[in-house]
Amino acid sequence: MILRKKWSVEKGAPLTEMDKKILAAQKQGHVVPSRKLIKTPEQIEGIRRSGVVNTGILDMLEKEVKEGVSTLALDEMIGQYTQDHGAVSACMGYEGYPRYSCISPDNIVCHGIPSADTILKPGMIVNIDVSTILDGYYSDASRMFVIGETTPEKQRLVDVTKECLEIGMKAAKPYSFVGDIGFAVQCHAQKNGYSVVRELCGHGVGLEFHEEPEVTHYGRPKTGMLLVPGMVFTIEPMINMGKMQVHFSQEDGWTVTTRDGLPSAQWEHTLLMTETGLEILSH
Ligand code: MF3
Ligand code: CO
3 MILRKKWSVE KGAPLTEMDK KILAAQKQGH VVPSRKLIKT PEQIEGIRRS GVVNTGILDM
63 LEKEVKEGVS TLALDEMIGQ YTQDHGAVSA CMGYEGYPRY SCISPDNIVC HGIPSADTIL
123 KPGMIVNIDV STILDGYYSD ASRMFVIGET TPEKQRLVDV TKECLEIGMK AAKPYSFVGD
183 IGFAVQCHAQ KNGYSVVREL CGHGVGLEFH EEPEVTHYGR PKTGMLLVPG MVFTIEPMIN
243 MGKMQVHFSQ EDGWTVTTRD GLPSAQWEHT LLMTETGLEI LSH
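According to the working numbering, the stretch in the sequence shown is residues 3 to 285, in order.
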């Protein structure tokens, strides 16, 4: 076992307002972040610049994602845009992942591997998830794209999932808790007759691809890690139209699908906690 790290302040150093709030939460038994999770102004600036490139990729895709295009062709565009902007894809080579992005249509929950054989067709709802490293700083975001027109049922899933992200963001106040986010997301999804995927979650991001804390999209208020200004993390709810159970492909080692075959949607932002609330660093 290892000893959980405590927030400590140099002997004799005056306590900042932040120190006082963290120490108070710790005294009440809450999990608090390590110093490394609270980014310096310089680090935040780096992550912000990475986020601009990452957002630029998704903006570029808005006019490229359409009927007849393969997900591999979109992935190649993502690779090219990333390179043209002096950045590197965080996905390519990550734990052996073979492409620049994850592209996940319909019943694919996440980590769909771009392929020449996956051609976008009218009615599909597609998540494209891109993650960028610029000057060593990481950002991560995903959006849903609707190919032509889809059914009202699938469109509602896309819209409600976006609302889940927005409602989760509203719940993330400075000095609130990760569980406040999960609770808000879960309530909104379930109120709409949907389920929340539990096996995958949001995460701290910035100096590495995946840092602490785990940002689950379900939970209870006032549980989980304290959210302190300077922390950078994603919220990225995966919401299923049907049951929450998912299947991990043993064949390609990546693709996650819904067990019941019904569609799933996801939206993701990279977010900075500030003294007044969240700032979006990539959307
Ligand atoms: N971009 C995903 C996330 O939101 C992670 C993808 S890992 C990959 O955290 F290797 F599949 F790219
Ligand atoms: Co992410």
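Ideal Cβ positions, reconstructed from N, Cα and C, are used throughout, including at glycine.
query	result
Buried versus exposed call for Ile135 [16 or more other C-beta atoms within 10 Å across all chains shown]	buried
Simplified DSSP assignment, three categories, for His113	coil
Distance between Ser178 and Glu277 (C-alpha atoms, nearest Å)	12 Å
Rounded Cβ spacing between Arg101 and Asp119 (contact assumed at less than 8 Å)	Their Cβ separation, rounded to whole angstroms, is 13 Å, which puts Arg101 and Asp119 out of contact at 8 Å.
His113: CB within 6 Å of a non-hydrogen atom of ligand 1	yes
Span of the beta strand (DSSP E), counted from its first residue to its last, around Cys104	103-107
Inter-residue Cα distance where the pair is Glu12 and Leu5	19 Å
Cβ separation of Val71 and Ser103, assumed to be a contact under 8 Å, to the nearest whole Å	Val71 to Ser103, Cβ: 13 Å. No contact.
Range of the contiguous beta strand (DSSP E) that encloses Leu283	280-284
For Tyr83, the first and last residue of its enclosing alpha helix (DSSP H)	73-86
Contact test: Thr236 Cβ vs ligand 2 heavy atom, cutoff 6 Å	yes
Residue from His219, Gly206, Pro116 with nearest C-alpha to Trp256	Pro116
Buried versus exposed, by CB contacts within 10 Å (16 or more), Ser10	exposed
Supposed contact pair Thr218 and Glu270 - C-beta distance, whole angstroms, cut 8 Å	Incorrect: roughly 14 Å between the Cβ atoms, too far for contact.
Residues near Thr225 in its chain [Cβ-Cβ closer than 7 Å; skip 5 each side]	Phe179, Gly181
Distance cut-off 6 Å: Cys104 Cβ against heavy atoms of ligand 1	yes
Residue interval of the alpha helix (DSSP H) (run including Arg158)	154-173
Of the residues Ser144, Leu167, Gly95, Glu69, the one placed nearest Ser106, counting alpha carbons only	Ser144
Sequence-distant residues of its chain with Cβ nearer than 6 Å to Gly232 (five each side left out)	Ile40, Lys41
Environment of Met243 [buried if 16+ CB atoms lie within 10 Å]	buried
DSSP-derived helix/strand/coil call for Met20	helix
Span separating the alpha-carbon of Gln252 from that of Thr259	12 Å
Where the beta strand (DSSP E) containing Thr57 begins and where it ends	Unbroken run through Thr57 is the alpha helix (DSSP H), 43-63; no beta strand (DSSP E).
Alpha carbon of Arg261 to alpha carbon of Gly138, nearest angstrom	37 Å
Alpha-carbon spacing of Glu168 relative to Val162, whole angstroms	10 Å
Minimum C-alpha distance to Leu228 - residue among Met20, Pro16, Gly14	Met20
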